[in-house]
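To keep things clear, I will list the structure first and then write my remarks on it.
In our numbering, the protein residues as written are 2 to 204.
Structure, rendered in structure tokens:
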């Protein structure tokens with residue numbers, strides 16, 4: 002019982018491994034958050050990031066060592082989910098959208114927009130928590146390859162369902178939450194688009 006209790010306490014320590022991927026730190030939202038904290042502690046952004054990285058590496062090493070005695074128990078009992086830490090908090094949110102067009106000069110038609118009842122193509126799949134979690138990460142610079150592959154997979158699904166579609170576009174709408182220190186925020190805008198010509202994918 003004590004072994005289980007001790008293992009459970011250690012297992013809930015946040016996992017910093019994903020936060021150690023410094024490619025994710027290149028995201029403008031993360032850079033801004035780190036710059037704010039660097040200013041608060043009187044350091045340059047680059048020096049603060051280096052120091053933070055050193056501390057995170059040390060923390061993750063200690064966490065891994067503490068988990069080692071319980072790994073076999075976790076594996077046998079099926080307790081494998083951990084709690085990953087984000088690289089930084091953000092006041093911005095991204096919403097995924099998918100649209101298509103039926104000829105080279107035709108206007109784009111929205112198929113799916115997250116949380117939009119008027120554009121709910123394949124919502125049962127795209128709105129599933131596991132799929133939403135994967136799509137959420139596509140907007141990160143470190144997941145560009147997954148974004149490309151995921152958008153291509155969606156284009157294949159669209160092309161299979163509608164032979165008239167010639168191109169599919171994936172994109173994200175970024176919204177910024179207002180705050181007392183930042184009451185005036187940019188209007189929501191779509192960007193980071195990926196376009197797949199469906200004639201290049203299998204139907």
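Even glycine gets a Cβ: it sits at the ideal position worked out from N, Cα and C.
For the pair residue 175 and residue 162, the CB atoms are not nearer than the 8 Å cut-off. The bridge partners DSSP lists for residue 171 are 99, 195. Excluding its 5 nearest sequence neighbours in each direction, residue 115 has C-beta neighbours in its own chain below 6 Å: 96, 97, listed in chain order. In this structure, residue 12 sits away from residue 57, with a CB-CB distance that is not shorter than 8 Å. The beta carbon of residue 141 sits closer than 7 Å to those of 25, 28, all from its chain and outside the five residues before and after it, given in chain order. Taking 8 Å as the cut-off, the beta carbon of residue 168 is found no closer than this to the beta carbon of residue 76.
Note on geometry: alpha-carbon atoms of residue 9 and residue 61 lie some 17 Å from one another. One alpha carbon belongs to residue 72, the other to residue 198, and they sit about 46 Å apart.
Residue 121 is bridged by DSSP to 113. For residue 52, the enclosing alpha helix (DSSP H) begins and ends at 46-68.
The continuous alpha helix (DSSP H) containing residue 7 extends over residues 3-12. Within 10 angstroms of the beta-carbon of residue 104 lie fewer than 16 other beta-carbons, which makes it exposed. Within 10 angstroms of the beta-carbon of residue 4 lie fewer than 16 other beta-carbons, which makes it exposed. One Cα belongs to residue 40, the other to residue 144, and the distance between them is close to 29 Å. When DSSP states are grouped into helix, strand and coil, residue 78 belongs to the helix group. According to the DSSP secondary-structure assignment, residue 180 is paired through a beta bridge with 183. Within the same chain, and ignoring the five residues on either side of residue 126 in sequence, the residues whose Cβ sits closer than 7 Å to its Cβ are 132.
For residue 158, the enclosing alpha helix (DSSP H) starts and ends at 145-162.
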